[in-house]
Amino acid sequence: MLSAIAALLFLATGCANDDSTQENGKEDNGKSGEVVATFESEDSTAETPSSTTRTSLTHQQGRGATAYWTPRDHIFAQDDNGNYRLSHDATRKDGSAIKGDKSSADRDAMFKFMNGTYTKPDRKIRYTGCGNNGTTAYNVTISNRQTQEKPNDADHIGRDGDCGVAVAKGRNGGYKFKLEHKASYLCFMPRIEDSKLAANVYLTKIVVTSNNEIAGTYEFDDNGLKGTGQYNSITLHTKGTGSVPGPWNPSANSQRYINCPGFPISSNKLDISQSAYMVIAPGTHKLTIDYTIKDPATEIEGTIRKYVNLTCDPGKIYDITANLTPREFYPYYYMWGSWQHYWEKHYDWQTFLNTQTRDPQIHRDDDRAFSLTKANYTDPRSYVMHMPNINELCWYVWKGDPHWDGDYLWRMRGHLYKGGMWFLKKQHITGFNKEKAYNGVDYRNKYKSWVDSIPQLKEFGYDKETCWIENEEAWKLRTFVKTPPQNTSNYFFLPAVGYYHTDHEEEQSQQGKKTRFIYRFVRTTNSIFKLRHPEYYGVYWSSSVISTNEHANHWIKAFCLHFSHDCVGIENDFPTFGYSSNNDWFK
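According to mature numbering (1 follows the signal peptide of the UniProt record, and there is no 0), the residues represented by the sequence shown are -18 to -1, 1 to 569, in order.
Here it is in structure tokens:
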């Protein structure tokens, strides 16, 4: 039970003016006349686990809380006629203003009353909050939109629904009371166990939704809150302070600093230093808790959902922990046919932010470069040889029940991303066969050349049956589900990890002229990596390639899987692109 011990020291007693007296049971604003009583609180801390006092607190997980008065706190006290009188705002014992800085001086407070007569014993006390609350002794509003300005700071609970009652013991000059808080309180301690990601991500809000009402305006009497409220959801906004590294600024070749979007997130379990507090109505609740987090560098924001069942008793604080660590993906990007990935031996140079550009120092004779020789198409040292072939990709696209999931959060190299596609695992695709596609055709050796458009077929004299035509709709599926599958255990997830783009440059050296490449990693503005065509949000090499080159001016091209929120299909691209080649992600 939340409790506070306070001594009510009457500096003066007597009759107030008759015109200040109201009907029995009604409160008076107490803002006129001379001081007739001063209620002085005693220093108090929580005496039992899961308890708190007054209207702001510092809390230790599982060990109760230390309480402080806040600058706009006031109380209602019942005078001899049964009228509730409103005090002036709390001050420190020396009469100075309460600063709200959690100093020891704010553990004590004085409340001055200008009206009423106080001689009888057992005077009733009510605290109904501050700010928009605290204007009446008979109603309390638990806000459905709460805001916390700083981590591990509960100053806002007074204006968001904190309330309490007491009976003051004594008469004529000395009273003591123990305040019983009548709201319930949640202390959220989310964590991200990847310390690199935790350092780059912030908590922007928490939304708690219940199977019953947990907020709204309640009647308030000596027993506490009455009624059911009007809202079954509470949103707690967690405000950030200062500035943090944001998106990449190409002109400055550095990150741009932006306003911090929320609270830091700890990487340690039960770390209360970054905690968030919420006032909630007492009762038995089935809670759905949505934590929204944001990475200001990637500009990705998403929600992670958790479930908690609680019986919230009046005056108690409940610690809620949650592991918000998203699934990690570590893509390797290869040129088609290369033996090593783009950033081999240069991991520290690898870029993951939009428009950020770096040079991985790849040359034509490098093991990370693509190969134009047919001998390397089946070289076991080529990593793409372990990827699914074009026939298998056809099965996944047209028989794998693809589901776009734009809200799926995942992490990569200490940053937050989201989006990708679910495909049925091959064991759940009837007839899955790598030797032939779902239509009975083996596409591995079908195409001998490629053209950009149908008119080029005649220009080059190609056979349509053996020539790949760029951007044919027949190789794209545009009708599919855009929500996650119900039974994800039958599916595997491919993140939309984007790709690396190659710009060709020529470089002179003592040995003569040689080709060098610059690689840029880019992403889309709406969450993933920006590619040249809107379908290219996720791209994965296959092990299949157009086997011959009938037109001397055309480079060899390889097949790949590509997908986005509105398209999934097969494409054929130059081997210089850096596409993901994580074969173990395909199930």
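Note that the Cβ used here is the ideal one computed from N, Cα and C, for glycine as well.
Problem set entry | Selection from 145, 58, 257 and 569 that minimises the alpha carbon distance to residue 70 | Nearest option by C-alpha distance: 58.
For this session: With 9 Å as the threshold, decide whether the Cβ of residue 461 is near any Cβ in chain D.
Result: The structure shown contains no chain D; it holds only a single protein chain.
For this session: Look at the alpha carbon of residue 259 and the alpha carbon of residue 101, and state the distance between them as a whole number of angstroms.
Result: Taking the straight line from one Cα to the other gives about 39 Å.
Problem set entry | Closest residue to residue 544 among 178, 454 and 523 (Cα-Cα distance) | Cα-wise, what sits closest to residue 544 is 523.
For this session: Evaluate the contact criterion for the region 409 to 429 versus the region 375 to 382: three or more CB pairs, one atom per stretch, below 8 Å.
Result: The region 409 to 429 is in contact with the region 375 to 382.
Exercise. How far does the beta strand (DSSP E) with residue 67 in it reach, from first residue to last?
Worked result: It spans 66 to 68 - the beta strand (DSSP E) in which residue 67 sits, taken as one unbroken run.
For this session: Give a single yes or no on whether residue 68 has its beta carbon closer than 8 Å to a heavy atom of the ligand GDP.
Result: For the structure depicted, the ligand GDP is absent and the ligand set is empty, with no information on it obtainable.
Exercise. Given a threshold of 16 other Cβ atoms within 10 Å of its Cβ, counted over all protein chains shown, does residue 147 qualify as buried or as exposed?
Worked result: By the beta-carbon neighbour count (other beta carbons within 10 angstroms, threshold 16), residue 147 is buried.
Exercise. Roughly how many angstroms separate the alpha carbons of residue 61 and residue 187, rounded to a whole number?
Worked result: Between residue 61 and residue 187, the C-alpha separation is close to 43 Å.
Exercise. Straight-line CA distance for residue 223 to residue 283?
Worked result: For residue 223 and residue 283, the distance between alpha carbons rounds to 18 Å.
Problem set entry | Whole-Å CB distance - residue 141 paired with residue 111, under 8 Å assumed | At roughly 6 Å, the Cβ-Cβ gap stays under 8 Å, so residue 141 and residue 111 are in contact.
For this session: Enumerate in chain order the residues of its own chain whose CB-to-CB distance from residue 478 is below 6 Å, with the five nearest sequence positions on each side excluded.
Result: In the same chain as residue 478, and ignoring 5 residues on each side of it, the C-beta atoms closer than 6 Å to its own belong to 401, 402, 510, 519 and 520, in chain order.
Exercise. Over what stretch of residues does the beta strand (DSSP E) that includes residue 432 continue unbroken?
Worked result: Unbroken beta strand (DSSP E) run through residue 432: 431 to 433.
For this session: Grab me the residues of residue 12's own chain with a C-beta within less than 8 Å of its C-beta, minus the 5 sequence neighbours each way, in chain order.
Result: At residue 12, the pLDDT of 49 sits below 50, so the modelled position is not reliable; the number obtained from the coordinates is stated separately. By the criterion of a C-beta distance shorter than 8 Å, residue 12 is surrounded in its chain by 67, 68, 69, 70, 95, 96, 97 and 98, once the five residues flanking it on both sides are discounted.
Problem set entry | DSSP three-state assignment for residue 272, whether helix, strand or coil | DSSP places residue 272 in strand when its eight states are reduced to three.
Problem set entry | Length of the line joining the Cα atoms of residue 440 and residue 461 | Rounded to whole angstroms, the gap between the alpha carbons of residue 440 and residue 461 is 32 Å.
Exercise. Would you say the region 320 to 331 touches the region 294 to 303, given that touching needs at least three Cβ pairs under 8 Å?
Worked result: Note that the region 320 to 331 does not touch the region 294 to 303; fewer than 3 beta-carbon pairs, one per stretch, sit closer than 8 Å.
Problem set entry | Status (buried if at least 16 other CB within 10 Å, exposed otherwise) for residue 315 | Under a 10 Å Cβ-count criterion, residue 315 is classified as buried, with 16 or more other Cβ atoms of the shown protein chains found around its own Cβ.
For this session: Have a look at 452, 160, 425 and 433 and flag the residue whose alpha-carbon is nearest the alpha-carbon of residue 526.
Result: Closest by alpha carbon: 425.
Exercise. Could you give the C-beta distance for residue 106 and residue 204, rounded to a whole number, given that I count them as a contact under 8 Å?
Worked result: Contact between residue 106 and residue 204 holds, since their C-beta atoms are separated by about 6 Å, short of 8 Å.
Problem set entry | residue 332 versus residue 342: straight-line alpha-carbon distance, rounded | If I take the Cα positions, the gap works out to 8 Å.
Problem set entry | Selected residue, minimal CA-CA separation from residue 197, among 74, 108, 256 and 143 | Each of 74, 108, 256 and 143 was checked against the Cα of residue 197, and the nearest Cα belongs to 143.
Exercise. Any idea which residues DSSP pairs residue 570 with across the strands?
Worked result: Since the first residue of the chain shown is -18 and the last is 569, residue 570 is not available in this structure.
For this session: Given a cut-off of 9 Å, decide if residue 278 and residue 182 are closer than it, judged by their beta-carbon atoms.
Result: Yes. Within cutoff.
Exercise. Quick one: what does DSSP say residue 378 is sitting in, helix, strand or coil?
Worked result: DSSP places residue 378 in the helix class (H, G or I) of the three-state scheme.
Exercise. Should residue 206 be labelled buried (16 or more other beta-carbon atoms within 10 Å of its own) or exposed?
Worked result: Around the beta carbon of residue 206, a 10 Å sphere encloses 16 or more other beta carbons of the protein chains shown; the residue is thus reported as buried.
Problem set entry | Residue closest to residue 366, alpha-carbon to alpha-carbon, out of 72, 564, 569 and 124 | Comparing Cα-Cα distances from residue 366 to each of 72, 564, 569 and 124, the minimum goes to 564.
Exercise. Taking all protein chains shown into account, do 16 or more other C-beta atoms lie within 10 angstroms of the C-beta of residue 435, making it buried, or fewer, making it exposed?
Worked result: The residue is exposed, with fewer than 16 neighbouring Cβ atoms inside 10 Å.
Exercise. In the structure shown, what three-state DSSP assignment does residue 445 receive?
Worked result: If DSSP states are grouped into helix, strand and coil, residue 445 belongs with coil.
Problem set entry | Minimum C-alpha distance to residue 118 - residue among 199, 352 and 553 | Taking each of 199, 352 and 553 in turn and checking the Cα distance to residue 118, the smallest one comes out for 199.
Exercise. Rounded to the nearest angstrom, how far is the Cβ of residue 428 from that of residue 474, given a contact under 8 Å?
Worked result: Contact check for residue 428 and residue 474: beta-carbon distance about 27 Å, past the 8 Å limit, so the pair fails to qualify.
For this session: Could you have a look at residue 564 and say whether DSSP puts it in helix, strand or coil?
Result: DSSP places residue 564 in coil when its eight states are reduced to three.
Exercise. What is the DSSP secondary structure of residue 179, counted as helix, strand or coil?
Worked result: Note: residue 179 maps to helix in three-state DSSP.
For this session: Spatial neighbours of residue 243 within its chain, please: CB distance less than 7 Å, with the 5 preceding and 5 following residues excluded, ordered by chain position.
Result: Same-chain partners within the cutoff: 184, 186, 222, 276 and 278.
Exercise. Would a C-beta distance cut-off of 9 Å place residue 246 and residue 180 closer than the cut-off?
Worked result: Contact check for residue 246 against residue 180 passes: the beta carbons are separated by less than 9 Å.
Exercise. For residue 547, which of helix, strand or coil comes out of DSSP?
Worked result: Of the three classes helix, strand and coil, the one that applies to residue 547 here is coil, per DSSP.
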